[in-house]
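Right, one structure below, let's go through it.
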Amino acid sequence: MKPRTGIPETLGAWLLGLAWILPLIWAIWAAFHAGTAATSFSPLAPLTLRNFVQAWKAAPLARGIFNTTVVITIALVSQFLLCTPAAFAFARLSFPGRDALFALVLVQLLVSPDILMVENYRTTAAFGLVDSLLGIALPYLGSAFGIFLLRQTFRQVPRELDEAARLEGLGPVRRLWQVYVPLARPTYVAYGLVLVSFHWNNFLWPLIVTNSVATRPLTVTLAMFSTPDQGLDWPVITAATLLSVAPLLVAFLIFQRQFMQNFMRAGIR
0 MKPRTGIPET
10 LGAWLLGLAW
20 ILPLIWAIWA
30 AFHAGTAATS
40 FSPLAPLTLR
50 NFVQAWKAAP
60 LARGIFNTTV
70 VITIALVSQF
80 LLCTPAAFAF
90 ARLSFPGRDA
100 LFALVLVQLL
110 VSPDILMVEN
120 YRTTAAFGLV
130 DSLLGIALPY
140 LGSAFGIFLL
150 RQTFRQVPRE
160 LDEAARLEGL
170 GPVRRLWQVY
180 VPLARPTYVA
190 YGLVLVSFHW
200 NNFLWPLIVT
210 NSVATRPLTV
220 TLAMFSTPDQ
230 GLDWPVITAA
240 TLLSVAPLLV
250 AFLIFQRQFM
260 QNFMRAGIR
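Here it is as structure tokens:
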């Protein structure tokens, strides 16, 4: 028999859910109301889209969305192209020092990215990439976590399939792209979603490495827009916030089932 959930656990779950969703509800309410109506919560308060128009005109949100999309694309393509062969080598190839090199990859998972920001900035400056989109993406061109995750997935591929590909005359590269990569598609999708979400919300490193509006991603653009010297017009700020999260929110609502299925499949493997 399944254990029954007690009343305290159910009540606690509802309270946590309510505490999580209340700020979002207030942001939506404030974004569609002007002036004191944003805090009065009067059901008769008139709705307006003026806050969204003002936010779009006051801050270069379109440029921020474009810059964020470019950075995400660079990081996504680079990590898939670099992590895939590295993970395949650690999972299926035999070469001297393989276990030692993989241990170094695991050590990188223990290092906080914030510790490396000074050295990352020095490296970015040495390449002349400060205040550029490539400079924002430079520390994320590779990923120890991506290598580890794909290695674990590739190790779950039956060796019989690998041997059959060998008998067909496929070399390591063709076996990787024709056998392993298609079978690891749920993992790629799940990892890609995590990567997109991370870079869409990444703030500290882009703030450090960018100096101009032309290269700032969406998070930094939104933060500069909501500084006290710009005036704290909360209805306009909440409207700008909703505009910034709208692409991810719409994508999640449309592809929610596919998202959950891919995450579950990746976890099972």
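Numbering that gives the first Met the number 0 numbers the first residue of the sequence shown as 0 and each following residue consecutively.
Ideal placement from N, C-alpha and C gives every residue a C-beta, glycine not left out.
So what does DSSP say about residue i, is it helix, strand or coil?
| i | result |
| --- | --- |
| residue 35 | coil |
| residue 183 | coil |
| residue 76 | helix |
| residue 110 | coil |
| residue 45 | coil |
| residue 93 | coil |
| residue 51 | helix |
| residue 142 | coil |
| residue 171 | helix |
| residue 59 | coil |
| residue 155 | coil |
| residue 276 | There is no way to answer for residue 276, as the model of the chain reaches only from 0 to 268. |
| residue 40 | coil |
Are there 16 or more other CB atoms within 10 angstroms of the CB of residue i, so buried, or fewer, so exposed?
| i | result |
| --- | --- |
| residue 197 | exposed |
| residue 178 | buried |
| residue 210 | exposed |
| residue 147 | buried |
| residue 248 | exposed |
| residue 6 | exposed |
| residue 138 | buried |
| residue 10 | exposed |
| residue 102 | exposed |
| residue 93 | exposed |
| residue 214 | buried |
May I ask which residues mark the beginning and end of the alpha helix (DSSP H) holding residue i?
| i | result |
| --- | --- |
| residue 166 | 158–166 |
| residue 117 | 116–125 |
| residue 215 | Note, residue 215: premise wrong, no alpha helix (DSSP H); not H, not E. |
| residue 271 | Past the boundaries of the shown model lies residue 271; the chain is included only from 0 to 268, so the question cannot be answered. |
| residue 202 | It is not in any alpha helix (DSSP H) - residue 202 carries neither H nor E in the DSSP assignment. |
| residue 211 | Looking at the DSSP string, residue 211 is not in any alpha helix (DSSP H), and its letter there is neither H nor E. |
| residue 251 | 233–253 |
Identify, in the order they occur along the chain, each residue of the same chain with its Cβ nearer than 7 Å to the Cβ of residue i, setting aside the five sequence neighbours on each side.
| i | result |
| --- | --- |
| residue 219 | 202, 205, 206 and 209 |
Below 8 Å CB to CB, which residues in the same chain sit around residue i once its five sequence neighbours on both sides are set aside?
| i | result |
| --- | --- |
| residue 133 | 73 |
| residue 221 | 58, 60, 63, 239, 240 and 243 |
| residue 180 | 83 and 187 |
Quick one: residues in its chain with C-beta nearer than 6 Å to the C-beta of residue i, no 5 flanking neighbours on either side, listed in chain order?
| i | result |
| --- | --- |
| residue 84 | none |
| residue 31 | 46 |
Check whether the stretch 25–33 touches the stretch 228–248, taking contact to mean three or more Cβ pairs, one atom from each stretch, closer than 8 Å. yes
Flag this pair as touching only if the stretch 159–167 and the stretch 191–208 have three or more C-beta atom pairs under 8 Å; answer yes or no. Touching, no, given that fewer than three Cβ pairs across the two stretches are closer than 8 Å.
Could you check whether the stretch 86–95 touches the stretch 149–158, counting it as contact only if at least three pairs of C-beta atoms, one from each stretch, sit closer than 8 Å? yes
Contact between the stretch 55–66 and the stretch 112–123 is defined here as three or more beta-carbon pairs at a separation below 8 Å; is this criterion met? no
Stretch-stretch touch, CB-based, cutoff 8 Å, three pairs: the stretch 107–118 with the stretch 70–78: no
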